[in-house]
Amino acid sequence: MTAKTYYVAQAFVKEGRRVAPAQALQVSSAEQAIARARRFPDRMIGRVAFEQVADDETGEFLEEPKLLYRDGQLPAEFEI
């Protein structure tokens, strides 16, 4: 098993009454994920950056995602 940390910037849009995922980008560091999330266009109603540890061979998630940055309207799973 080879554990790998993935860093992701994710944007969200409004679809009817719900908040839905839009663009997601994988980057190489926590700092890049935060910076990229902050640069999503204003038409996006929410933005997050998180890191996720997974088994690189199987794709199985080994830990819960760690939230690095959040802004705007987000789905319930991103509420603190």
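Per this note's numbering, the sequence shown starts with residue 23, numbered consecutively.
We put the beta carbon where it would ideally sit given N, CA and C, even for glycine.
Computed from a predicted structure; not experimentally measured.
Beyond the five residues adjoining it in sequence on each side, residue 44 comes within less than 7 angstroms, by CB distance, of 33, 34, 35 and 66 in the same chain, given in chain order. Under the DSSP assignment, residue 40 falls outside any alpha helix (DSSP H), being part of the beta strand (DSSP E) whose first and last residues are 40-49. Secondary structure note for residue 53: it is in no beta strand (DSSP E), and the uninterrupted alpha helix (DSSP H) holding it is 52-60. In the three-state reduction of the DSSP assignment, residue 79 falls in the coil class, being assigned neither a helical nor a strand state. Taking the Cα positions, residue 92 is about 8 angstroms away from residue 59.
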